[in-house]
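I have placed the structure first, in the form of structure tokens, so that the comments after it can refer back to it.
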Amino acid sequence: MLKNIKQYAITILIIFVILIINVMAYFQYSSNIGEQLKNQTNMHLQAIIDETVECLNIKMEERLETYKALATFIGTLDQVEPAIIEKALSNQSDMAGYREYDIVDSNGVGLVNKGSKDYNQDANYGKALGGKSVMEEMVDEYGSIKGINYYLPIVKNEKVVGVFVAASTLEQFTTYMDISEISQYGNVFIVKQDGTLLSRGYGLDEVDNIEMILGNDKSTSKLVNSMQSRKSGYIAYNSGDAKRYLCYAKTDFNKWYMISIVPASSIDVSNEDITNEGVVFFFEIAVLTVVLMIYLIRMVVNESKGNQLNKKRYYIVSKYSDSIVIDYSEEKDTMYCNEKWKEIFGYEPDKDNLRQDITRYIADGDKERYSQIVDVLVKEKEFVKFQAAIKDVNGTPVSCIFKLFALKNRRGKVLKILGVIEPCSQNL
């Protein structure tokens, strides 16, 4: 059966090559689509990051501008009357979003009714006195962030004469930044570079670090490391329906970062169609392969049965024939011969190792002529008929008629030589 399969080796090889090419083509197509979807996701997320951080920068700039306007208002007053200032600033507290304020003179001393606090050791006061507007987190004695402080220079006649200081809670900071307005893609937070929260959403009063929101130490660590090494980017965490993208970008203020937690379902393009196509494709390939294999096996089995039947016919003909029938295999160097050889010549010929001396049974006078005719059969013809003598068991030449048929492959190489030998008394 293996011999029969060899006849179809090229066909089988071509079929498998076609199958492999189709599979590789599908995987290449799937890979290209996957890469395009990945690039599309990257572009979409980067657009979200850029848009969100830009909106956030504008919001924080607006906060500073609000407090600058109050500092400018104070600078327009000819004389700072505590009662007038307190009334004006108290009226503005809800609108501007602060809970405490102070006005510090150029000597670093605050309002009397605010306790005449000394700000000379406050670095942010020094920056504001130098003309810089400052927005900085307020840290208590335990290192916890309790709010946001603002330091704005008070200018009169183009000269800084004091500093307006305002303080807001993190809740006020979040509310007046109107972060919910820019959270259309996902929850947005303002954090320090180490993940400490500066903005608080609804129900997050007791949450002070992004880790408490994510609930994943590895994702938090990866996010913090990314913020410390890059200005913007994103990382993915969780999987399936819970998959999220943690988008981050450095703001224009301090080392504060924007973090937006975006559901992957709103970003990722569904690859369900590609997956379904892949399932259908592999099902078709499997069915095609099974059909082809059944077809090939059927062909091989049918041919094998046919060969067996031919062998039976060949055996019957050779067994009951009055002529000598030979079947020589060039590849195996073996020869089959029916019983007529022994009946006529009185001995059985060798069954193998015939190539070295094929003329051992030919009478001496016919050996050269026999070799020449067989050589012509091998190289040029498919059939020859000639007369030559074969030695019997006593060495007596017996004249015979040889009819030899050469079975060759497509390249002309001899595979077998089939022959009929008939004893005779007449020359050709």
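Each residue of the sequence shown is one higher than the one before, counting from 91 in the numbering used here. From the three backbone atoms N, C-alpha and C, an ideal C-beta is built for every residue, glycine too. These numbers were taken from a predicted model, which means no experiment stands behind them.
Can you name, in chain order, every residue of its own chain whose Cβ lies under 8 Å from the Cβ of residue i, other than the five neighbours on each side?
| i | result |
| --- | --- |
| L160 | L179, Q182, A186, L242, F254 and A256 |
| Q318 | Q283 |
| F163 | A178 |
List the residues that DSSP assigns as beta-bridge partners of residue i.
| i | result |
| --- | --- |
| G252 | D195 and I244 |
| N239 | E226 and A257 |
| I349 | F279 and Y338 |
| V488 | I480 |
| F106 | Answer is none; F106 lacks a bridge partner. |
| Y510 | The question names Tyr, but residue 510 is Val in the sequence shown. Answer is V415 and K493. |
| S322 | A339 |
| C427 | I416 |
| F473 | F495 |
| E190 | A257 |
| Y327 | R334 |
| I434 | Bridge partners of I434: none, in fact. |
| I452 | I480 |
| S442 | Residue identity check: residue 442 is Asp in the sequence provided, not Ser. According to DSSP, which records beta bridges pairwise, D442 is partnered with T424. |
| V202 | Paired residues: none, contrary to the question. |
| V504 | K498 |
| D465 | For D465, which the question treats as bridged, DSSP gives no partner whatsoever. |
Rounded C-beta distance between residue i and residue j? I'm assuming under 8 Å.
| i | j | result |
| --- | --- | --- |
| V504 | E420 | 5 Å |
| M228 | G216 | So it is not a contact: roughly 17 Å between Cβ atoms. |
| V281 | L287 | 6 Å |
| K441 | T449 | Going by Cβ atoms, the distance from K441 to T449 rounds to 17 Å, so no, they are not a contact pair. |
| I414 | I511 | 4 Å |
| S34 | Y327 | With the chain covering only 91 through 518, there is no way to say anything about residue 34. |
| G330 | L313 | In fact, because the Cβ distance is near 20 Å, the residues do not count as touching under 8 Å. |
| P513 | V488 | 6 Å |
| L154 | S223 | 5 Å |
| G252 | D195 | 5 Å |
Please report whether the beta-carbon of residue i lies at a distance below 9 Å from any beta-carbon of chain D.
| i | result |
| --- | --- |
| N247 | Looking for chain D here will not work: only one protein chain is present. |
If you drop the 5 nearest sequence neighbours on each side, which residues of the same chain put their C-beta closer than 7 Å to that of residue i?
| i | result |
| --- | --- |
| F343 | M150 and M225 |
| V199 | S206 and D208 |
| N499 | L505 |
| I272 | T142, C145, L146 and V278 |
| M348 | T142, V143, L146, V278, I280, Y338, A339 and T341 |
| N443 | D423 |
| K493 | K475, G509 and V510 |
Can you list, in chain order, the residues of its chain with a C-beta nearer than 6 Å to that of residue i? Leave out the 5 residues immediately preceding and following it.
| i | result |
| --- | --- |
| V113 | none |
| R501 | none |
| V245 | G165 |
| L103 | none |
| W346 | I280 |
| L518 | Unreliable placement is indicated for L518, whose pLDDT of 44 sits below 50; no coordinate value is reported for it. |
| F106 | none |
| F495 | F473 and L508 |
| V468 | V504 |
Which parts of the segment 262-317 are runs of the alpha helix (DSSP H), unbroken and 4 residues or longer, counting only runs that do not cross its ends? 300-304
Answer yes if the segment 129-141 comes into contact with the segment 334-341, meaning at least three C-beta pairs across the two stretches below 8 Å, and no otherwise. yes
Cβ pair count under 8 Å reaching 3, the segment 477-495 against the segment 429-443: The answer is yes - the segment 429-443 touches the segment 477-495, with three or more Cβ pairs under 8 Å.
Give a yes or no on contact between the segment 186-196 and the segment 257-268, applying the rule of three or more CB pairs nearer than 8 Å. yes
What are the uninterrupted segments assigned as alpha helix (DSSP H) that are 4 or more residues long and contained completely in the segment 147-188, given in chain order? 172-186
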